[in-house]
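In this note's numbering, the protein residues as written are 29 to 203.
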């Protein structure tokens, strides 16, 4: 059985490719879903629209919470267990297990440092992203109220800005 060592550069390259894929997928997927949602919403009354909006946000909130909990449990799950001296083992055996624990603890501290740094950066990035989305929604509402004809272009430009934010996230985390 061989063990593959993953370097930081491997992770950076994999993440970069994922960002590029997300950017390309986001543009075409956005257009397709926008048409589908427009068809759904056009048949709804105001109460149904409110329920629809609340349902979408509930789904978003649940996703963030579930994924955050998964990440938290993964990081905590890597914490090594401190050995307890077994009455049947010698001091040497216990010391050997304790030394292995100390090595694992050192690795866990390094892992925690890196992963929490990424979580802090991700938190900052998400805050900026949601600020950008809120500003876009405010501007979109103004455009709609002013009956601008080129809303689609504005939305597409927004999607491109969000795709650029993913690119910035990659640079922010790995450069």
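Glycine residues also receive a C-beta, built at the ideal position from the N, C-alpha and C atoms.
All of these numbers come straight from a predicted model, not from anything done at the bench.
Pair within 7 Å by beta-carbon distance, residue i and residue j
i           : j           : result
residue 129 : residue 106 : no
residue 197 : residue 153 : yes
residue 103 : residue 143 : yes
residue 187 : residue 64  : no
residue 47  : residue 195 : yes
residue 134 : residue 122 : no
residue 88  : residue 149 : no
Rounded separation between residue i and residue j - CA only
i           : j           : result
residue 77  : residue 183 : 20 Å
residue 131 : residue 52  : 43 Å
residue 147 : residue 116 : 43 Å
residue 158 : residue 165 : 10 Å
residue 161 : residue 190 : 9 Å
residue 93  : residue 50  : 21 Å
residue 127 : residue 137 : 15 Å
residue 118 : residue 125 : 11 Å
residue 82  : residue 192 : 28 Å
residue 181 : residue 59  : 11 Å
residue 141 : residue 96  : 17 Å
residue 66  : residue 74  : 14 Å
residue 10  : residue 151 : This structure gives no information on residue 10, because the portion of the chain shown stretches from 29 to 203.
residue 168 : residue 108 : 50 Å
residue 80  : residue 37  : 43 Å
residue 101 : residue 68  : 38 Å
residue 120 : residue 139 : 28 Å
residue 185 : residue 72  : 27 Å
residue 98  : residue 84  : 21 Å
The ligand FAD heavy atom lying under 6 Å from the CB of residue i
i          : result
residue 67 : Judged by which ligands are present, the structure shown has none, so any question about the ligand FAD falls away.
message = Please give the ranges of any beta strand (DSSP E) in the stretch 84-142, keeping only runs that are unbroken, at least 3 residues long and fully inside the region.
response = none
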